[in-house]
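According to numbering that gives the first Met the number 0, the stretch in the sequence shown is residues 0 to 127, in order.
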Amino acid sequence: MEPRTEQGFTLLEVMVALAIFATVSIALFSAIQHVAINSGNLAERTQATWIADNYLNELRSGMQPRTLGRQQRQVEFGGRNWWLFSEIEAAPDSRLLKVNLRVSAEQDPQRARQYSRAQLLGYIEANP
């Protein structure tokens, strides 16, 4: 009678396979989490940039007053409230005004001044 040889995995082989699977799973989860966070941040920065660009175009077209100095206002865009900080000052060329815009998604205006999601610098005509 011939001895039977069992086919299958040993306990050590199963444990090594589980360790490899666990390591790959953790790495994959970390990569997915990183992509999700970056995607959310990118969407927020894109919306903030649109807000700043829209406001600069409103200044250029005369839809907003060209008041020298610093101003702040809340803007509703994309289903949420944003803080828009503008600073309009004379440019080196007397025919232009320098416009510095910052947009923040923070709710508190004090924190919003510190943490902006987008910043835009542009120039508009001083006397349209």
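The beta carbon of each residue, even a glycine, is placed where N, CA and C say it ideally should be.
Specify, as a first and last residue, the run of the beta strand (DSSP E) that S103 falls within. L95 to S103
Pick helix, strand or coil for E57, following the three-state DSSP scheme. helix
Is the beta carbon of L55 less than 8 Å from the beta carbon of L119? yes
Use the C-beta contact count for S29: other C-beta atoms within 10 angstroms, 16 or more gives buried, fewer gives exposed. exposed
A51 versus R101: straight-line alpha-carbon distance, rounded: 7 Å
The alpha helix (DSSP H) that contains Q113, what's its start and end? P108 to Q113
Which residues mark the beginning and the end of the beta strand (DSSP E) in which G68 is found? G68 to F76
Inter-residue CB distance, S85 and S103 (contact presumed, cutoff 8 Å): In fact, because the Cβ distance is near 12 Å, the residues do not count as touching under 8 Å.
As a quick exercise: from A111, R59, A42 and N37, pick the residue whose alpha carbon is nearest that of W82. A111
Pair every Cβ in the region 30–49 with every Cβ in the region 59–72, then say whether three or more of these pairs are closer than 8 Å. no
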